[in-house]
Amino acid sequence: MDQRERRALEAEHRPEAIRRRLSAPQRAETVPDAILGGIDGCVTTFAVVSGAFGAGFSATVALVLGFANLLADGFSMAVSNYESIQAQREHIQGVRERENHHIDAVPEGEREEIREIFRRKGLAGETLEQVVAAITEDREVWIETMLTEEHGLQRMGLSPLRSALTTFLAFLVVGAMPLLPYTLATLSLTQQFLASLAMAGVMFLGIGMLKSLVYGQPVVKSGLRTLLMGGAAAGLAFLTGHLAQTLFGVAA
4 MDQRERRALE AEHRPEAIRR RLSAPQRAET VPDAILGGID GCVTTFAVVS GAFGAGFSAT
64 VALVLGFANL LADGFSMAVS NYESIQAQRE HIQGVREREN HHIDAVPEGE REEIREIFRR
124 KGLAGETLEQ VVAAITEDRE VWIETMLTEE HGLQRMGLSP LRSALTTFLA FLVVGAMPLL
184 PYTLATLSLT QQFLASLAMA GVMFLGIGML KSLVYGQPVV KSGLRTLLMG GAAAGLAFLT
244 GHLAQTLFGV AA
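Quick note: the sequence shown uses this note's numbering, first residue 4, plus one each step.
This is the structure we're talking about:
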């Protein structure tokens with residue numbers, strides 16, 4: 004670590020900086036939703052394109068199937084993401100209400116739970132009792148501690164609507180990219196497919212590299228891993244379409 008990094012790190016850990024950072028409202032994290040939506044959108048549409056090409060369908064059929072799947076699957080995924088996060092919020096609220104009731108019904112039992120939680124963290128004696136007293140003195144702190152320490156729940160940063168919209172938009176934008184070459188009538192069907200393949204590869208690689216920058220992972224490794232995953236899905240769709248054409252005589 005050089006001197007510049009050390010000074011920046013020290014500045015971030017000054018008391019006023021820590022207070023400012025911890026007091027700031029925690030925003031919903033949208034990057035995972037965007038990555039999920041982008042990858043799934045690109046996989047969905049390019050899988051349709053690959054399956055259509057493997058079956059010998061025309062560019063028009065590939066476009067119709069691609070955009071139909073893009074809108075339907077994108078909406079379905081957004082709704083599923085919304086419902087999933089909403090269910091998490093409702094579950095957390097239910098646990099919160101149950102803990103609040105337990106504090107009213109058996110306060111000593113709930114204090115003992117706090118005591119055991121921090122005993123397992125290595126506290127003992129007078130220090131342990133001071134921590135228990137400080138936490139159970141404030142009801143909100145008491146409940147929040149039970150949520151995180153006993154149940155492993157975190158209620159901050161959960162926004163169903165934001166997650167759903169982010170997923171849907173990423174799904175549409177990235178998923179539309181492999182379909183664009185099929186709008187170019189000057190290209191042959193094979194050229195359109197190869198251009199779509201290249202576009203999908205760029206999208207998969209770019210999403211993987213973006214993910215690595217956000218989460219501090221190796222850039223090339225993350226990009227190639229995402230590229231291989233998307234390529235495997237497209238290859239499976241292509242083989243399925245080709246097999247269907249061979250077995251059932253699907254016509255273009």
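Built from N, CA and C at the ideal position, the CB exists for glycine as well. Computed from a predicted structure; not experimentally measured.
### Task
Go to A50, then tell me how far its alpha helix (DSSP H) extends in each direction, as first and last residue.
Locating residue 50 in the sequence shown gives position 47, counting from the first residue. Taken as a continuous stretch (DSSP letters only), the alpha helix (DSSP H) holding A50 covers 34–58.
#### Entry: Classification of S87 by the beta-carbon crowding that lies within 10 angstroms, buried from 16 upward
As a working mapping, residue 87 is identified with position 84 in the sequence shown. Here S87 is exposed: its Cβ has fewer than 16 other Cβ atoms, across all protein chains shown, within 10 Å.
### CA nearest to the CA of H154, picked from L197, Q96, D141, L200
Walking along the sequence shown from the start, residue 154 turns up at place 151. When each option's Cα is compared against that of H154, the closest is Q96.
### Query
So is the beta-carbon of T249 under 7 Å away from any non-hydrogen atom of the ligand FAD?
Looking for the ligand FAD in the displayed structure turns up nothing, as the structure carries no ligands at all.
### Task
Can you give me the Cβ contacts of V46 inside the same chain, cut-off strictly under 7 Å, excluding the 5 residues immediately before and after it?
Counting from one through the sequence shown, the residue named residue 46 turns up at place 43. Around V46, the same chain offers G233, A236 as residues with beta carbons nearer than 7 Å, after the five sequence neighbours per side are excluded.
### Query
What are the boundary residues of the alpha helix (DSSP H) that A136 is part of?
As a position in the sequence shown, residue 136 is number 133, starting the count at 1. In the DSSP assignment, A136 falls within the alpha helix (DSSP H) that extends over 128–140.
### Message
By the DSSP assignment, the alpha helix (DSSP H) with G178 in it spans what residues?
### Response
Taking the first residue of the sequence shown as position 1, residue 178 is located at position 175. Per DSSP, the continuous alpha helix (DSSP H) segment holding G178 begins and ends at 163–179.
### Task
Out of R99, H245, L39, state which residue places its alpha-carbon closest to the alpha-carbon of A173.
Position 170 of the sequence shown, counted from the start, is the residue given in the question as residue 173. Minimum Cα distance to A173 is reached at L39.
### Query
Where does the unbroken alpha helix (DSSP H) through E100 begin, and where does it stop?
The residue you call residue 100 lines up with position 97 of the sequence shown. Taken as a continuous stretch (DSSP letters only), the alpha helix (DSSP H) holding E100 covers 62–108.
### Proximity below 8 Å, CB of V205 to CB of S215
Taking the sequence shown and counting its residues from 1, the one referred to as residue 205 is at position 202. Taking the sequence shown and counting its residues from 1, the one referred to as residue 215 is at position 212. Not a contact, by the Cβ cut-off of 8 Å.
#### Entry: Beta-carbon proximity check, T48 vs G209, cutoff 8 Å
Here residue 48 is taken as the residue at index 45 of the sequence shown, counted from 1. Here residue 209 is taken as the residue at index 206 of the sequence shown, counted from 1. Annotated as distal: T48 and G209, with beta-carbon spacing of 8 Å or more.
### Message
Using a Cβ-Cβ cutoff of less than 7 Å, which residues in the same chain neighbour R99 once the five nearest sequence positions on both sides are dropped?
### Response
The residue given as residue 99 occupies position 96 in the sequence shown. Hits under 7 Å: I146, L150.
### Query
Does DSSP classify H245 as helix, strand or coil?
On the sequence shown, position 242 is the one that residue 245 refers to. It is helical.
### Task
Using only alpha-carbon positions, find the residue among D141, E8, A81 that is nearest to S162.
If you number the sequence shown from 1, residue 162 lands on position 159. It is A81.
### Q220 - containing alpha helix (DSSP H), residue span
Taking the sequence shown and counting its residues from 1, one reaches residue 220 at position 217. Per DSSP, Q220 belongs to no alpha helix (DSSP H) and is neither H nor E.
### Message
Closer than 8 Å is the cut-off here; do at least three beta carbon pairs connect the region 179–189 with the region 117–130?
### Response
Contact between the region 179–189 and the region 117–130 is absent: fewer than three C-beta pairs spanning the two stretches fall below 8 Å.
### Message
Tell me which residues share the same chain as A167 and place their Cβ nearer than 6 Å to its Cβ, disregarding the 5 neighbours each side in the sequence.
### Response
One-based indexing of the sequence shown puts residue 167 at position 164. Within the same chain, A167 has close Cβ partners A81, N84, Y85.
### Message
Buried or exposed for T148, going by 16 or more other Cβ atoms inside 10 Å?
### Response
As a position in the sequence shown, residue 148 is number 145, starting the count at 1. With 16 or more other Cβ atoms within 10 Å, it is buried.
### Query
Around the C-beta of F251, are 16 or more other C-beta atoms found within 10 angstroms, so that it is buried, or is it exposed?
Indexing the sequence shown from 1 puts residue 251 at position 248. Exposed is the call here.
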